[in-house]
Amino acid sequence: ERRSSVVQAFDPNDKASPAGFDPEGTLEDQRKYFIASDRLLPYTVFFENLDTATAAAQEVLLTDQLDSNLDWSSFALGTMQIGEKTVSVPESAQNFTTEVDLRPAISTIVEVACEFNPITGLATWLFRGKNPYTDELADFLPPNKEEVAPQGEGWISYTVKSRQNLSTGTVIRNKATIDFEVDIPPEPMETPEVFNTIDAGIPISSVSTLAEYQEVPDFKVSWSGNDDEKGSGIRDYTIYVSDNEDPYTLWITTDATSAVFAGQDGHTYRFYSIIRDNVGNIESAPETPDAETTVTVTAIQEGIAVSPNPFVPTRGHTQISFFGTGLPYSKIKIYNKAAELVITLEETEGKTQLDWNATNDDGKKLASGVYIWVSTNQAGNHEKGKFAIIK
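Following our numbering, the numbering of the sequence shown begins with 985 at its first residue and continues without gaps.
The following block contains the structure:
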């Protein structure tokens, strides 16, 4: 016999959806909870008979109308919990019935009936307590006071996929209804609405074009990429390299857009990039490399020196001099440790000494550090070396 509506059980009702992605620091009212379009989405609905309730619950009915942007045919029931009892469900099941014996904690057997309608997208879970000796309706979910918790709470779960071909920015919304004491006031409660935003686009990237030849073995490689305009954004790049037509190997995975590659003289390198966004969408590898270059530093000219080395302005040094028989009509390129070109010097008068005031192309004094110089004469021969600036 059903209890009077004078005493009632009630719940805090809550629902958990996939966590999704938002950039760190996103305000709560601006969150999108991005997810990929091809993932299995887990949902959980929690119910609890609060410790302030005046009676135990004998029936609990949960209903969940799935969003039309979900693929209803992929729905599958998941694990459930009633108090301290965990209920496992056969894999991929859409309908399920069982009985859960709560004894000895509570002298009640709970009839569980789970149904899903793949035509309407409506899922229901009915929990009904019965006396194990008389089959009459019986209490099974007491007020969740400290001394009995977690016997006064439970949860259900399920998984479902989103529909195919959804566009980036599509929002999937969902909420469940929890009814303590079916057909007895108060009215069923709705959980807060949860939502996720689809990021369906595959990001694209490429390695920037490189010079045909590199005059130093350590050279800078740059890349860039784009995600959907309304997508979750770029997570990282993975750069692959082939050495002298060998199979490609992973060089670096990073969220930066450049790095210095340590090459070898006489080797040809080919590069391509693969980009990944923040929900796991990954670009496919290209059929051809994005960039190719060859390191050529083997032809060495004779007779260039640098002085003073190190260059220390506090010692009265005002200029760096390159000198020697190999200097006339040579170009000298200065690189920093990041393999970035700082300045190009040129000897145009056939002299054996070239003085430089240690500034870059903008006339700014160079910072402390180690620098690489590479000279090339009229015959195309090279010489290289290092010098330091200490301030």
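Just so you know, even glycine gets a beta-carbon here, dropped at the ideal spot from N, CA and C.
The beta carbons of Y1017 and F1179 sit closer together than 9 Å. Taking 3 residues as the shortest admissible run, the stretch 1171-1248 contains the following complete beta strand (DSSP E) segments, listed from N- to C-terminal end: 1178-1183, 1188-1191, 1202-1210, 1218-1227, 1233-1238 and 1242-1246. Counting the other CB atoms within 10 Å of its CB gives G1364 a total below 16, which places it among the exposed residues.
Annotation: N1361 to E1199 spans about 13 Å, alpha carbon to alpha carbon. With contacts defined by Cβ atoms closer than 9 Å, K1348 and L1329 do not form a contacting pair. For N1115, no beta strand (DSSP E) encloses it, and the DSSP letter there is neither H nor E. Separation of R1087 and Q1065 (C-alpha to C-alpha, rounded to the nearest whole angstrom) is 15 Å.
Shortest Cα-Cα distance from E1271 to any of N1265, G1264, T1278 and I1258 involves I1258. Of the other Cβ atoms in all chains shown, fewer than 16 fall within 10 Å of the Cβ of P1007; this residue is therefore exposed. Looking only at D1035, Q1049, Y1253 and Q1337, the smallest Cα-Cα distance to K999 is reached by Q1049. Taking the Cα of E1137 as reference, the smallest distance to any Cα among G1067, T1175, R1112 and S1072 is reached at G1067. Cβ-Cβ distances below 8 Å link L1121 to E985, R986, Q1042, E1043, R1112, G1113, K1114 and N1115 in the same chain, with the five nearest sequence neighbours on each side left out; the list follows chain order. Taking each of V1073, I1327, L1061 and V1205 in turn and checking the Cα distance to T1108, the smallest one comes out for L1061. The stretch 1028-1039 makes no contact with the stretch 1189-1196, as fewer than three CB pairs between them are under 8 Å. Burial of E1331 is indicated by the presence of at least 16 other C-beta atoms within 10 angstroms of its C-beta.
From the listed residues L1125, G1300 and A1342, the smallest Cα separation to A1089 is found for L1125. Residue pairing by DSSP places A1289 opposite F1307 in a beta bridge. DSSP places F1005 outside any beta strand (DSSP E), giving it a letter other than H or E. Boundaries cannot be given for T1152, as no beta strand (DSSP E) includes it and DSSP labels it neither H nor E. One Cα belongs to I1019, the other to G1185, and the distance between them is close to 11 Å. The C-beta distance from S1057 to P1102 rounds to 6 Å, short enough to meet the 8 Å contact threshold. By the neighbour-count criterion, in which 16 or more other beta carbons inside 10 Å mark a residue as buried, T1302 falls on the exposed side.
Under DSSP, no beta-bridge partner is assigned to T1272.
Non-local C-beta neighbours of A1077 in its own chain, meaning closer than 6 Å and more than five positions away in sequence, comprise L1061, ordered along the chain.
Residue pairing by DSSP places S1091 opposite no residue, since no beta bridge is assigned to it.
It is roughly 16 Å from the alpha-carbon of D1339 to the alpha-carbon of A1372. Between A1240 and P1312, the alpha-carbon positions lie close to 41 Å from each other. At the C-beta level, S1021 and D1183 come within 9 Å of one another. With contacts defined as CB atoms closer than 9 Å, V1144 and L1024 qualify as a contacting pair.
For V1326, the enclosing beta strand (DSSP E) has its first and last residue at L1325 to E1330. Beta-bridge partners of Q1049 (DSSP): L1106.
Each residue's CA atom was taken as its position, placing G1215 and S1001 some 19 Å apart.
Beyond the five residues adjoining it in sequence on each side, G1369 comes within less than 7 Å, by CB distance, of V1290 and W1357 in the same chain, given in chain order. Between T1047 and T1161 the beta-carbon gap is near 5 Å, inside 8 Å, which marks them as a contact. D1022 sits in coil when the DSSP states are folded into three classes, being neither helix nor strand.
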